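J.: Sharing a structure, written as structure tokens. Questions coming.
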Amino acid sequence: MSTAWVLPGGSTFGAVQAGLVSALFEVESPPDMLLGTSAGALNSAWLAADPTPRGAERLREIWRTMRRGEVFPVEPMRILAGKLGLSDHLMSNRGLAGWLHRTLPFRRLDQAEVPLTVTATDLESGEAAYFTSGPALPALVASCAIPGVFPPVEIGGRRFVDGGPAAFMPISRAVEQGAERVYVLPCGGKRPLDSADFEQLPDKGVGGSIPAVNGAALSAAMYAASELDMQLNAARCELYVLPAPKVDRLSPYSFKHSAALIDWAWRTAAEWLPKACPVPAEPVDIAGVARTARRGVETA
270 MSTAWVLPGG
280 STFGAVQAGL
290 VSALFEVESP
300 PDMLLGTSAG
310 ALNSAWLAAD
320 PTPRGAERLR
330 EIWRTMRRGE
340 VFPVEPMRIL
350 AGKLGLSDHL
360 MSNRGLAGWL
370 HRTLPFRRLD
380 QAEVPLTVTA
390 TDLESGEAAY
400 FTSGPALPAL
410 VASCAIPGVF
420 PPVEIGGRRF
430 VDGGPAAFMP
440 ISRAVEQGAE
450 RVYVLPCGGK
460 RPLDSADFEQ
470 LPDKGVGGSI
480 PAVNGAALSA
490 AMYAASELDM
500 QLNAARCELY
510 VLPAPKVDRL
520 SPYSFKHSAA
530 LIDWAWRTAA
540 EWLPKACPVP
550 AEPVDIAGVA
560 RTARRGVETA
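In terms of the working numbering, the sequence shown opens at residue 270 and continues consecutively.
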């Protein structure tokens, strides 16, 4: 049975996927294909170079040693220009590109050990773009180009941004590529985090700022589209969504909780996998769990 691992986006919460991958390798054979979006694209690329438990160990090490300055450089003048509307982004992507150039073990997507698909969003058409060959660096940087944070990336005369808006959880693409079994490895989900495992865990969710509200709204849209995609494809393949934590109390731009997220995800997925059930072909939530129909909000 052809198996795909689908890794959605999630900024610094991509550390969760490093733990989920480790748990999967304990009970499953290597994937036949990998599909990733944004942070999930980076994890997919690193794993596609060595789709083994050894590769999973390397992925954990990458996340445990990652530092904010390598990916999210603070440049006050650039941030000011962005806030004044003089630029279309707040941060340069040079740090991310340089760091990827140093850590990525191949230069072309088609050099991966297993078929690799990197998603991005075509800025002009709004459609999903799927990169499976050609230079790896521009495709990966484009897949991580959070709108407004990083600049769009030009590839082949077109501009691309983060794959999340158009292909956050590319399950349909995996099925179109022949996957009969699909494992989705989310960066965030619905399971509560234990404060004892996370230092200085805030009492309330991150919010109150314009970026936080915009981010929450974008996430809601991506989750709604993904839930429909799960409902559609549950009848077309054997579909599983691994457990992931509710990360609303952590910053998506900090790596300080990476080690704890890896350990949480590894432990939780290892307990879940032996009794895992496929996603049902009916309305589900973002965790792939069936839910009853809910009425829309009514106002007086």
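Ideal placement from N, C-alpha and C gives every residue a C-beta, glycine not left out.
It should be emphasised that the depicted structure is a prediction, and the values quoted were computed from it without experimental measurement.
(1) Is there a C-beta anywhere in chain B that falls below 8 Å from the one on L289?
(2) Which residue comes first and which comes last in the alpha helix (DSSP H) that contains G433?
(3) Could you say which of P549, W541, S527, P552 lies nearest to T334 if we only look at CA atoms?
(4) Rounded to a whole number of angstroms, what is the C-alpha to C-alpha distance between A545 and Y509?
(5) Confirm, please, whether the CB-CB distance from L385 to G403 is below 8 Å.
(6) Out of P543, A539, R560, state which residue places its alpha-carbon closest to the alpha-carbon of P549.
(7) With H, G and I counted as helix, E and B as strand and the rest as coil, what does DSSP make of M302?
(8) Within the segment 522-548, note down every full alpha helix (DSSP H) run reaching 4 residues or more, in order along the chain.
(9) Quick check on I440: does DSSP put it in helix, strand or coil?
(10) Assign S298 to one of two classes, buried (16 or more other C-beta atoms within 10 Å of its C-beta) or exposed (fewer than that).
(11) I'd like to confirm the pairing. Which residues does DSSP put opposite G403 in its beta bridges?
(12) Below 6 Å CB to CB, which residues in the same chain sit around A287 once its five sequence neighbours on both sides are set aside?
(13) Return the bridge partner residues of T272 from the DSSP annotation.
(14) How should R363 be labelled, buried or exposed, when 16 other C-beta atoms within 10 angstroms of its C-beta is the threshold for buried?
(15) Using beta-carbon positions only, say whether T390 and F429 come within less than 8 Å of one another.
(16) Taking the alpha helix (DSSP H) that E295 belongs to, which residues open and close that run?
(17) DSSP state of G324, grouped into three classes?
(18) Comparing alpha-carbon positions, which option in A366, A381, L511 lies nearest S313?
(19) Taking C-alpha atoms, which residue in A513, M360, P439, L293 lies nearest to E396?
T.: The structure says:
(1) This model lacks chain B altogether, as it is built from one protein chain only.
(2) Within the sequence shown, numbered from 1, the residue matching residue 433 stands at position 164. Taken as a continuous stretch (DSSP letters only), the alpha helix (DSSP H) holding G433 covers 433-436.
(3) The residue given as residue 334 occupies position 65 in the sequence shown. The candidate whose alpha carbon is nearest that of T334 is S527.
(4) Residue mapping note: residue 545 aligns to position 276 of the sequence shown, counting from 1. Residue mapping note: residue 509 aligns to position 240 of the sequence shown, counting from 1. Spanning the two alpha carbons is a distance of roughly 8 Å.
(5) The count along the sequence shown starts at 1 and reaches residue 403 at position 134. The count along the sequence shown starts at 1 and reaches residue 385 at position 116. Not in contact: G403 and L385 (Cβ atoms no closer than 8 Å).
(6) Stepping through the sequence shown from its first residue, residue 549 is reached at position 280. It is R560 whose Cα lies nearest to the Cα of P549.
(7) Mapped onto the sequence shown, residue 302 falls at position 33. M302 falls in the strand class under three-state DSSP.
(8) 527-541
(9) Here the question's residue 440 lines up with position 171 in the sequence shown. It is helical.
(10) For the purposes of this step, residue 298 is taken as the residue at position 29 of the sequence shown. Counting Cβ neighbours within 10 Å, S298 comes out exposed, since fewer than 16 surround it.
(11) By one-based count along the sequence shown, residue 403 stands at place 134. The partner list for G403 (beta bridge, DSSP) is empty, contrary to what the question assumes.
(12) Counting from 1 along the sequence shown, the entry for residue 287 is found at position 18. Only L328, R329, W332, I531 meet the Cβ criterion.
(13) Start at 1 with the first residue of the sequence shown, and residue 272 comes out as number 3. Answer is R450.
(14) The residue given as residue 363 occupies position 94 in the sequence shown. So R363 counts as exposed.
(15) Numbered from 1 along the sequence shown, position 121 holds the residue referred to as residue 390. Numbered from 1 along the sequence shown, position 160 holds the residue referred to as residue 429. Against a cut-off of 8 Å, the Cβ pair of F429 and T390 comes out as a contact.
(16) Translated into positions along the sequence shown, residue 295 becomes position 26. Residues 284-296.
(17) As a position in the sequence shown, residue 324 is number 55, starting the count at 1. Looking at G324 - three-state DSSP - the assignment turns out to be helix.
(18) Translated into the one-based positions of the sequence shown, residue 313 becomes position 44. Checked all of A366, A381, L511; the closest Cα to S313 is A381.
(19) Taking the sequence shown and counting its residues from 1, the one referred to as residue 396 is at position 127. It is P439 whose Cα lies nearest to the Cα of E396.
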